Amino acid sequence: MIDIQIIRDNPELVQTKAKQKGYDIDVSALLKIDEQRRELVGKVEVLRKERNDLAGQLKQGKPSEEQLAKGRKLKTEIAKLDDKLGAQETELLALLKKVPNMPLDYVPVGASEDENIIEKTVGEKPKFDFEPQNHWEIGQKRGWIDKERAAKVAGARFAYVKGDLVRLHFAMIQFGMDVLTNEDILKKIIADNNLNLSSKPFTLVMPPAVARTEVYDATGRLNKEEQTYKLADDDLWLNASAEHVMAPMYMGEILSEADLPIRLVGYTTAFRREAGTYGKDMEGILRMHQFDKLEMESFTTGDTGLEEHKLMVAIQEYLMQQLGLSYQVLQKCTADIGGPNAAGVDINTWLPGQNKYRETHTADYITDYQTRRMNTRVRGKNGSVELTHTNDATAFSQRPLVAIIENYQQADGTVRVPKVLQSYMGGRTVL
RNA sequence: GGAGAGGUGCAGGAGUGGUUGAACUGGACGGUCUCGAAAACCGUUGUGCCUGCAAGGGCACCGAGGGUUCGAAUCCCUCCCUCUCCGCCA
340 MIDIQIIRDN PELVQTKAKQ KGYDIDVSAL LKIDEQRREL VGKVEVLRKE
390 RNDLAGQLKQ GKPSEEQLAK GRKLKTEIAK LDDKLGAQET ELLALLKKVP
440 NMPLDYVPVG ASEDENIIEK TVGEKPKFDF EPQNHWEIGQ KRGWIDKERA
490 AKVAGARFAY VKGDLVRLHF AMIQFGMDVL TNEDILKKII ADNNLNLSSK
540 PFTLVMPPAV ARTEVYDATG RLNKEEQTYK LADDDLWLNA SAEHVMAPMY
590 MGEILSEADL PIRLVGYTTA FRREAGTYGK DMEGILRMHQ FDKLEMESFT
640 TGDTGLEEHK LMVAIQEYLM QQLGLSYQVL QKCTADIGGP NAAGVDINTW
690 LPGQNKYRET HTADYITDYQ TRRMNTRVRG KNGSVELTHT NDATAFSQRP
740 LVAIIENYQQ ADGTVRVPKV LQSYMGGRTV L
């Protein structure tokens, strides 16, 4: 949620920035309710003061019938205004929740993901002296991916991932965990990218896979409820990313600045309904209802939030470089970063089997948009209290796994193991 | 799932209808003392909202939401969470 004070001070700007994201919001209606609400608050508070004063008087001695009558009158008046106030606040909150975070000024303005800016292309595409195959062709031949049987059990967009592909998955995850918890590597990444940040390593987390409605909604990630699985008998939603269940971890807390940054790297299975994507990416395991993912999440002060975002992208690049994959870094345009984001970067990785770069990573800088409703704050050294900023970013999901299969395939159908993963595979070099 | 206990400020912990934003203890911060530190002593130590140029004024908040009352941390209801025991269970 955005700060209402910003809307009061810069209504046109907020309207414009929302429009850049493709959001149609009615700022003037929002401000009108805000004004009415404030007027009402003033009235209610005057009455409450009267009530409090009267109660103070009645404390000593026995109250007269006249005084009691006055108290009763105040009570009904307050109750009446309170009802009205409550309704206005509900309405205001509903409108406020619809206002997206404002993109930072450097974020390119665009109407669709086609206007994302490719900032750079890194690494060499592999050359093949044979026709490279799709990961699903390879997966099927090697018995690594069985979607037909998964469909019997769970429906479309589920898979049995089997055999060496499971080992490769966990090798990749373990490699990611080792990088993110290694302070020396972080130090080097920070220095190489001219960042001015703490080198505090990430803390490994296995978070709850579900969150309650109130909590999930506060993260700003439940705006599209049709995209999220809901449990039938409990007030719980299946997470669509570890980010969604790590972000609310410090809800309602005032953190100490000395404890920041808090860097978490969570491993969880993510669930997505993928409503509206029927027919898209039906082959392979690029777009599934369920996938396992290693995800970064950081809590910082407002001062360091943007640098932290850059660090996460730098980490993603480091991981892909270590795997020897070719990728592009895309500065996402206003239409593609999503409501809660102030900025966002995608990493698209070369998939020779499909002859194109496909999104494998994303990095989100949310500023204080989540923490305002989650009420996660930080007390500075001078005693001031401010909202923390949050960042999240993919470390590894199933998509980089797909990239490994396609990039490291050989003519005989085998797949080489990237060098950095070999030690996690018992020294095996080929699968 | 059954039975019981409980949720109060940074922490522990008082407070069962009247100004209680909340005793007391500890922690933290500032000061005195000291070469420095410890000890001791003194002082400070909530958040949000409304209003105001400011100083200030006001309101709300004791898990959440309702209710009773002139008045609620305190009484009642619903929900959430935590703990203990039993049952079940990887």
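In this text, residue positions in the first sequence follow this note's numbering: the first is 340, and each later residue adds one. Using N, Cα and C, we set each Cβ at its ideal position, and we do this for glycine too. If you're wondering where the values come from, they're calculated on a predicted model, not measured in any experiment.
Per DSSP, Gly381 is one residue of the alpha helix (DSSP H) stretching across Val366 to Lys398. The continuous stretches of alpha helix (DSSP H) do not include His700, which lies in the beta strand (DSSP E) extending over residues Lys695 to Thr706. The Cβ-Cβ distance between Leu570 and Arg551 does not fall below 8 Å.
Going by C-alpha positions, Ala548 is about 18 Å away from Ala734. Beta-bridge analysis with DSSP links Arg755 to Val769.
Ranked by Cα distance from Lys358, the options Ser451, His508 and Gln479 are led by Ser451. Look at Thr429 here: in three-state DSSP terms it is helix.
A Cβ-Cβ distance of about 5 Å is found for the pair Ile705 and Thr729, placing them in contact under the 8 Å criterion. Sequence-distant Cβ neighbours of Gln749 in its own chain, meaning closer than 8 Å and more than five residues away, are Arg755 and Val769. Leu599 places its beta carbon 8 Å or farther from that of Arg697. Glu613 and Asn578 have their alpha carbons spaced roughly 13 Å apart. Comparing alpha carbon positions, the residue from Leu664, Ala426, Gly449 and Gly381 closest to Ala682 is Gly449. Annotation: Leu760 to Ala597 spans about 36 Å, alpha carbon to alpha carbon. In this structure, the straight-line span from the alpha carbon of Met511 to that of Leu740 is close to 8 Å. Rounded to the nearest angstrom, the Cβ distance from Met659 to Ala702 is 13 Å, too far for a contact under 8 Å.
Membership of Ile529 in the alpha helix (DSSP H) is indicated by the continuous run Glu522 to Asp531. Exposed is the label assigned to Val385, since fewer than 16 other Cβ atoms lie within 10 Å of its Cβ. Within 10 angstroms of the beta-carbon of Tyr445 lie fewer than 16 other beta-carbons, which makes it exposed.
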